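Chains as they are written, first to last, in this note's numbering: chain A, 1 to 347; chain B, 348 to 664; chain C, 665 to 1173. These notes concern the structure reproduced below.
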Amino acid sequence: MLGLVVALVVNALLLAALGANPVTAYSTILSAALGSVAGLAQTLNRTTPLLLGASAVAFAMRAGYVNLGIDGQIYAGAILATGVAFLLDGWPAVVLLPVVLLAGLVGGGLLASIPAWLRATRGINELFVTVMLNFVALFLAEYLATGPWTDPVAGEAITVPISAAADLPRLLPGGGHAGILLALPVAVGLSLWLARTRSGFEFRAAGSNPLAAGFGGVRLVRIGVVALVVAGALGGLAGAIEVTGVHSRLLTGLTPNFGYMAVLIAVLARRSPVATIPVAFAFAVLIVGADSLQRSVGLPPSAVLLFQAVVVVSILAFETARGRRLVARLVQATRRSPGRRRAGGVA
Amino acid sequence: MDFLLDLVDADMLRTTLVVATPLLLAALGELLLERVGLLNLAIEGMVGVGAAMGFCVVFVAGRTVPTVLLAIAAAALSAILIGVVFGWLTLHLQANQITVGLALLILGLGASSLLYRGVVGVTTTPPSIGTLPLWRIPGLSEIPYLGRVLFQHDLFVYVGLSTLLPVWWVLHRTPLGLRLRAVGESPKAVDALGLPLARLRWSALVAGCALIGIAGSFFPLSLVGGYSDDIASGRGWLALMLVIFGRWRPWTIAAGALLFAYVEALQFQFGVTSKAIPPQFLRMLPYVLAIIVLVRVYGRAQAPAALTKPYDRESRF
Amino acid sequence: MAEPARAGDVAVEMAGIAKSFGDVHALDDVTFRVAPGEVHGLLGENGAGKTTLMNVLTGLYLADRGDVALHGQHVDLRTPSDAVGHGVGMVHQHFELVQAFSALENILLGAVTATWSMDTASHRERIADLADHYGFTVDLDTRVADMEVGDQQKVEILRILYAGADILVLDEPTTHLTPAEVDHLFASVRELAAEGLAVVLIAHKLHEVFAVCDRVTVLRHGRLAGSLDVAAAAHADVVAMMMGDDATMVEARAKTCDIGEDEVLSLRGVTATGGAVDVHLHDLDLQVHRGEFVGIAGVAGNGQRELMELLAGLRPITTGRMHASGVDVTHARVDERIRAGVAVLPGDRMREGVLPASPLYETYALGRHLLHDHFSPHDLQDQARDMIARFDVRTSGPTAPTASLSGGNIQKVLVARALDVSEHAGGGAMVVMNPTSGLDVGAAAFVHDQLVRTCEAGGGVLLISEDLDELLALCDRVVVLSHGRLAGQQVAGDYDRLVLGDLMVAAHG
């Protein structure tokens, strides 16, 4: 909590340093992201990939695995979803949309099966492999968007649109799509599974102390594979939703660092998938709000990255034992100092 | 046969050295950190901040010798600033290195972009500051082939590549290096010997971050002459992989930097001469290579034993 | 190295030392004096405060109260570097060497004060001379990680001597040594004392104190029990000091059950040669019957860990068969063996036993979670609540974080967990490794009681322990593990420590 306050103060100072009135800026952010139906639609659209990504990352983290590859998995899911949509062009929406979303799951899962396989058979740290694959998937998407699937009219890395039958239904005016209705149950379901089932218990045991879990009959290798592939598949689903819900095509720039944000959200949510819901929503508010700051105050959209990082760093700092002690001392000091001032006044 | 000749083309080998410079600098910086037990996942962000800072200083103050030096110093300082936050959180507060590293990675990406926009504003065509002039070493640069490859670079490349020597010498030939390496292996042993654990870690942290920041400033000053948000495009991450590839030893890291740079230089070469391979696949190569390297090297690699592990003297476990 | 001893000089003088961890008084008003040229034994049971006292002397812990004077000068030892600066060096039980460094690098690390340059060649020469002089000969260029324990100890001592220490503390230095190595070490220690160094030897074996020490100080429950000249003391005096009022001789426990015919655990011709760096296990033939209590004795590092992992199912069996209560489990996974009633209590309870950040009931559930068809967190909590009441575990409840419990209470939970696995199979096999290390007397007695009860209830116990006293007190049969092979056995009633000791250190052939 205190970390959040510190973060807001630091961000306010940052805003002031950039020449914006912090109060105006904060209220601009809030009204842009939440003040209208269209704004809310945008916020929910941004929440969807963040929520899917963050709950996937949190899920894998519970088993002790760090998946930094959500960005790549988003591209992989988007690529396969787009490809399937092209292939099945003309199929009715009832069939096409589920198949395309499923393709997204498979695409992300396939990409994530590389680090999963390397971890299971060779013990190679998944963290580095997932990062490297981000670039591989990005370049593959760029190749498809500028090569075989390119829209020659557009003149940039963008494919021709997919069949309208594969578009996600709209939920809200202003482009709000139904993806959030998929993401929310995923986050809740993952948390329930972790808390209530035998496999979920084994998952958490493996993440808490793999050595002890191994002695307790937990099959660590299998859990590692499940953790990474499921997380990758959810990243892929996020990619398919971006294609079918937002862009109707594959393009580069599909994910402005959603993957790294997803990791930060998962950390802030203390690795609980269900707790990523409010955090992902808050991050989405910041993103949408910062977009409008660009128009009103002239802040670049990337400023939002800085704000998010400040929030995370502050909260991380005050979550450590020493950080808490530091806060306790500061609180004590501020309580004592007015007392001294009063005493001085009497003298 | 033309194809084979292309592989040893003088211009391409020359490009290899140029591309290797920032990779090597960043990897050596990361090496210093990892040798004292710090895994710095923020490296990509630090490289970005160094690049933005380097560009902005020259953009504002003009391109003269003192301003370029100032730009490099500013790039180093900005990366050190992020490093100080990293050190405070991980060493003092003992927060998790991986999460802090990722948060600061994001911070670096945001800060570099913001800095650039703040200084340059929104423009339709990105401004250029031009790259550093080449310094042809008299005599040596006249040697056919070798002269073109080795002795026609700007000063940044010469100095950057030769950073290998002091880093190697300090780490492996001095008592200081012995202590630094011991910190990464067993902070407990270092502490029990009464050596200044915190000071050793902080000095390696500051020096390492400086190198990483300087590596970032290389892109606008020496390679591109401009700035864009994806200027580092994963080179920070590749530097991180190079440290593993080099098994935490300076000379093998340098060899790795040359190998990765060569693969990257291939792109430029084949991008020009061949249309058969889409450029995106060539650009994938370093990252695919990194994964292959990881598979080949990982099991046998000797990472510093205390990497990412927090140390608390009174901990009873 | 050190100044020659002067009569009446005192190298170490610690007075009124007190140190608490939370509400545990580790040290209370302890006084301790060592003269130069003296080998001083520091005796006491586990947890008596020996290591804590020495950690105060070496600056690792800050005493709550009391004074330390070295060579007559009052000193303030706030950090390890203060202690090193005053010439105090300690050889820890787990050597504080950098494993990835060579012997030479380790020694230089502690000795070279310059920053930028060192004359490695001349250092090497002087270190070699020092090593020769005291008989600590080792290859200076070998990586410590590749050295035998005895050689690592030599490197550690050399490093401390080379750094100029004149007060040397050895923390239970003989634990992992063979008798020949112990003799060698003691000869070197006498040589060091003869040249004026003050040597403190933390020990828990009486005969070692009598073999090498001039004086002995005994601690009991964190307090000073007394200090004697060894030459003038009798064994019985020192034992009386160590044990105080709770002196009870080790005595075989009366078991009220018979050993059955059925095997709850059996290994026939089992060999495990996987893994490159560990001890390989060869030709193990071992049966534990219903109601039988079998012990595995041996010097640490002779395959105990590997045997435990093999039985648990974490180390593949290359050849041979393993059965649990008649079921072939040779290639069964850990979970399958747990269902077959093989309950393993690992040797390192914090690292291998618990989920530190999880609630207690989840630590208790681990492994047991496989036993019932229905999985319900609610039931697991109820079961933990019952267990807490039955075994008198001191905790705020089943949802308390596991790490908040003391070591003794954690071990109770882990024992209860293994008991449940064994009972679920109608009397399975309990495999227990060093179950009482680091526990106080009460907790250790509790663990022993539970193991005996398992036998009485029709299960079988395999106790792998480095503590021979524990094995002889409890077991029907003690088998010696040496170099990954079973070297021989003795049956209760015929126990002979010397014979067992010989088996433990015999070279395999």
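For glycine and all other residues, C-beta sits at the position ideal for the given N, C-alpha and C. All figures in this text were calculated on a predicted structure; none of them were measured in a lab.
Check, Outcome
"For G457 (chain B), decide whether its Cβ has a neighbour in chain A, counting only Cβ atoms nearer than 7 Å.", "yes"
"Answer with buried or exposed for V952 (chain C), where buried requires no fewer than 16 other C-beta atoms within 10 angstroms of its C-beta.", "buried"
"Check whether the segment 759-772 of chain C and the segment 803-816 of chain C are in contact - that is, three or more C-beta pairs closer than 8 Å.", "yes"
"Can you check DSSP and say which residues form a bridge with P1065 (chain C)?", "C:P1023"
"L508 (chain B): which of B:R495, B:E532 and B:I561 sits nearest, CA to CA?", "B:I561"
"Work out the CA separation of L1138 (chain C) and V914 (chain C) for me, nearest whole Å.", "Residue placement at V914 (chain C) cannot be trusted, given a pLDDT of 46 that sits under 50; what the coordinates show is reported in the next sentence. Each residue's alpha carbon lies about 10 Å from the other."
"With distances taken Cα to Cα, identify the nearest neighbour of G397 (chain B) among B:L454, B:L380, B:I484 and B:V635.", "B:L454"
"Tell me which same chain residues have a C-beta within less than 7 Å of the C-beta of F1055 (chain C), skipping the five on either side of it?", "K1076 and A1080"
"Compile a chain-ordered list of the residues in the segment 192-224 of chain A whose CB is closer than 8 Å to at least one CB of chain C.", "A195, R196, T197, R198, F201, E202, R204, A205, S208, N209, L211, A212, A213, G214, F215, G216, G217, V218 and R219"
"To which residues of the same chain is A529 (chain B) closer than 6 Å at the C-beta, ignoring the five residues directly before and after it?", "V537"
"Taking the alpha carbon of A187 (chain A) as the reference point, which residue from A:F59, A:A317, A:L34 and A:G39 has its own alpha carbon closest?", "A:F59"
"Counting along the chain, where does the beta strand (DSSP E) carrying H704 (chain C) start and finish?", "V703 to L707"
"Name the chain A residues whose beta carbon is nearer than 7 Å to that of A976 (chain C)?", "F215"
"Between A557 (chain B) and L527 (chain B), is the Cβ-Cβ spacing less than 7 Å?", "no"
"Does chain B have any CB closer than 7 Å to the CB of M61 (chain A)?", "no"
"Could you check if D167 (chain A) is buried or exposed, using at least 16 other CB atoms within 10 Å of its CB as the buried criterion?", "buried"
"Between G448 (chain B) and chain C, is the shortest Cβ-Cβ distance under 7 Å, so that the two count as touching?", "no"
"Just the C-alpha distance for V571 (chain B) and P413 (chain B), rounded to the nearest angstrom, thanks.", "20 Å"
"May I have the straight-line CA-CA distance separating S475 (chain B) from I429 (chain B), to the nearest angstrom?", "26 Å"
"Mind checking E381 (chain B): buried by the 16 CB within 10 Å criterion, or exposed?", "buried"
"If we cut at 7 Å on Cβ distances, does L540 (chain B) have a partner in chain C?", "yes"
"When you compare only the Cα positions, how much space is there between P473 (chain B) and A458 (chain B)?", "18 Å"
"Do three or more CB pairs link the segment 1083-1091 of chain C to the segment 1001-1018 of chain C at distances below 8 Å?", "yes"
"Is it the case that the segment 1016-1025 of chain C contacts the segment 980-1000 of chain C, given that we only count it when at least three CB pairs across the two stretches are under 8 Å?", "no"
"Just to make sure I have the definition right: I need the residues of chain C whose C-beta is within less than 8 Å of the C-beta of S533 (chain B). Which are they?", "E760, L761, V762 and Q763"
"Kindly provide the ranges of any alpha helix (DSSP H) runs that are 4 or more residues long and lie completely inside the segment 725-797 of chain C, ordered along the chain.", "744-749 and 767-775"
"Is it the case that the segment 158-174 of chain A contacts the segment 17-29 of chain A, given that we only count it when at least three CB pairs across the two stretches are under 8 Å?", "no"
"When the distance is taken between beta carbons, is A374 (chain B) closer than 7 Å to A579 (chain B)?", "no"
"On a Cα-Cα basis, can you pick out the residue from A:R196, A:L286, A:A157 and A:L44 that is closest to E142 (chain A)?", "A:A157"
"In whole angstroms, what is the alpha-carbon distance linking L386 (chain B) and A183 (chain A)?", "33 Å"
"Given that a residue counts as buried once 16 or more other Cβ atoms are within 10 Å of its Cβ, and exposed if not, what is K656 (chain B)?", "exposed"
"In its own chain, which residues sit with a C-beta less than 6 Å from the C-beta of A408 (chain B), not counting the 5 before and 5 after it?", "T414"
"Hey, out of A:P256, A:L144, A:N134 and A:T121, whose CA is closest to I79 (chain A)'s CA?", "A:L144"
"Could you tell me which chain A residues have their CB closer than 8 Å to the CB of P1020 (chain C), listed as they occur along the chain?", "S208 and N209"
"Check for me: the alpha helix (DSSP H) holding S684 (chain C) runs from which residue to which?", "Not the alpha helix (DSSP H): S684 (chain C) falls in the beta strand (DSSP E), residues V676 to F685."
"DSSP three-state call for T478 (chain B): helix, strand or coil?", "coil"
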